[in-house]
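Beneath this line is the structure, given in structure tokens, with notes to follow.
In the working numbering, the protein residues as written are 1 to 655.
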């Protein structure tokens, strides 16, 4: 009778709940009852559990933080749309020791991925939402696989559940965490999760008491690499400079169509690393000039003048004679240049107002300097702008930068994809590349180039632009068309651990002069231009996330295209699973329009509107490999994305 009365409905009894003030409720994490069995095979138990969960969540609407729940509660009319749900997921399932010897690497990886796969199923059913997060249970011992652990850094981990049993005593008897767990927590602390300690009153460790666990976790958080960099003196680290911009989508600049605001210039000018590298490049180039001649320098796109000041210092350091022409088309910035010319700069500096593609100088220049690079190198039209400025350069002249290369890597970025602003919810939003300080991401590709002949490194180069270069010009010294600036790439990545790809991360590396350069490439930035602040990476989103299983392969296609008015990018991806068939097995061609649909027999370039592809570019590479036993390895296609931004319908950069 009592059970039926409960099923009939009704509120909680006073002795069943804790009453609290609203200000207290904002700092409380609610846990649902642990007796709930939402996946029970007994229908009655499952029904009662779901009913009790809904009742508890309805009561929990007064608590504004997160509770453990399941995905279908989001659609319940009894649950407030302002409530967020956190699902308790073990960090991994450690396979039992017995019987593992007979299992392969893939089987072991699948077992370690089981809990992430469970979370991925839940969030895919829920769809894009910021209301569902992970309460990551750290009770199990961590696996040694860095790939298995790294993917959690890209997930919406709102809580870390850390029991006292996870701690071990140090030499003095105080509770500490194993080295692997310390590193894992320090990495996750960049996302500022809540840490839920449990069993701290069970006296598992001899010294420190309950407070020792809290103090130790706070110490790990304070000494995590992200927080150390963010709180560095002077604020001259990327983490400090980008505070508040983590995983924030920003549209790239339109440098030719729009005049930059003074505030934008001010942000760029805070970067000492970039200007130090530019000055060193000027200095090295000046030393290579004839010491008995006057070196003519042109700064194309001077902005408010920081590059001009670097040139002046390099001239003074080198002891050479020089004349500097500073060109700027932005009227507001040109006013600033006039003021600096009157107050600061020597007489050998002259300023010119106008577009670098059309302005005239009284003499040809030895060194042409520009600061036109974007987050992807060429995405702010540096090739097009410099094409028009190269007529100012002597035939043997020097361009700074001399070249720049674009790079790509596939990433998982659920926080970006679930952006509460809804930027990526419509076609225009999801077909636009964004400048982003990538934060809660995981690079899905592996750096196992030698083991997988088809696959390249973890981060792969797309194309390179060099200056000066030989192109067909009209009588005014300008290119007749822009087809020489079109480019395309076909990249193949190895995916060692299962993950959900939300997009592509783009970087660049520029050679300023000889061995002086700048880069945002994550693996080379510390050695080339550490703590450079001027550029965040670029992000090419996908309309629908693409699931990539362990040991799969990903083919990425990107085009840089143009017409008379604009430049734009198009991108797409395909996923494949390598398989081995006996050498005498016949391969039946797929009846579809492309042999990459079904079984791929060639890593062939998709049809592209690019007009001037370099000779030999996109030649097919064999997708078939034979072992000593005569086995043949093929690729089975398992998924693909749509072609994004065809014909520049959603995003473009105006010429």
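We put the CB at the ideal spot given by N, CA and C, even for glycine.
Here residue 177 is near residue 167, since their CB atoms are less than 8 Å apart. By the beta-carbon neighbour count (other beta carbons within 10 angstroms, threshold 16), residue 572 is buried. Look at residue 338 here: in three-state DSSP terms it is helix.
Taking a 10 Å sphere around the C-beta of residue 257, we find fewer than 16 other C-beta atoms and assign the residue as exposed. Distance from residue 322 to residue 337 at the Cβ level is roughly 18 Å; contact not present, criterion being Cβ atoms closer than 8 Å. Each residue's CA atom was taken as its position, placing residue 126 and residue 423 some 18 Å apart. Under DSSP, residue 137 takes part in a beta bridge, and its partners are 90, 161.
A straight line joining the alpha-carbon of residue 346 with that of residue 649 spans about 48 Å.
When only Cα atoms are considered, residue 305 and residue 297 end up about 14 Å apart.
When secondary structure is reduced to three states using DSSP, residue 286 falls in the helix class.
As a beta-bridge residue in DSSP terms, residue 196 pairs with 161.
With fewer than 16 other CB atoms across the displayed protein chains lying within 10 angstroms of its CB, residue 82 is exposed. The region 133-149 makes no contact with the region 398-417; the number of CB pairs closer than 8 Å stays below 3. With 16 or more other Cβ atoms from the protein chains shown falling within 10 Å of its own Cβ, residue 120 counts as buried. Three or more beta-carbon pairs separated by less than 8 Å link the region 150-160 to the region 404-422, which places the two stretches in contact. Assignment of beta strand (DSSP E) within the region 382-458, counting only whole runs of 3 or more residues, yields 393-400, 403-412 in chain order. With a contact defined as Cβ atoms closer than 8 Å, residue 89 and residue 137 qualify at about 6 Å. Under the three-state reduction of DSSP output, residue 348 falls in the coil class, being neither helix nor strand. Contact check for residue 318 and residue 283: beta-carbon distance about 6 Å, within the 8 Å limit, so the pair qualifies. Under the DSSP definition of a beta bridge, residue 503 partners with 411, 541. In this structure, the straight-line span from the alpha carbon of residue 544 to that of residue 253 is close to 26 Å. Within its own chain, the residues whose Cβ lies closer than 6 Å to the Cβ of residue 130, once the five positions on either side in sequence are excluded, are 418, 420, listed in chain order. In the DSSP annotation of this structure, the continuous segment of the beta strand (DSSP E) that includes residue 298 starts and ends at 294-300.
Beta bridge pairing from DSSP links residue 568 with 561.
Listed in chain order, the non-local C-beta contacts of residue 238 below 7 Å within the same chain comprise 531, 533, local neighbours out to five positions each way being set aside. Residue 218 carries a helical assignment under DSSP once its states are collapsed to helix, strand and coil.
By the neighbour-count criterion, in which a residue is buried when 16 or more other Cβ atoms sit within 10 angstroms of its Cβ, residue 514 is exposed. Residue environment: residue 560 is assigned as buried (16 or more neighbouring CB atoms within 10 Å of its CB, all protein chains considered). The three-state reading of DSSP puts residue 460 in strand, counting E and B together. If you draw a straight line from the Cα of residue 407 to the Cα of residue 184, it comes to about 28 Å.
Taken through DSSP and simplified to helix, strand or coil, residue 326 comes out as strand.
Contact between the region 473-485 and the region 518-525 is absent: fewer than 3 CB-CB pairs across the two stretches fall below 8 Å. The residue among 158, 179, 248 with its C-alpha nearest the C-alpha of residue 193 is 158. Under the Cβ criterion (8 Å, minimum of three pairs), the region 489-504 counts as touching the region 549-559. DSSP places residue 156 in the coil class of the three-state scheme, outside both helix and strand.
In the three-state scheme derived from DSSP, where H, G and I count as helix and E and B as strand, residue 81 is classed as coil.
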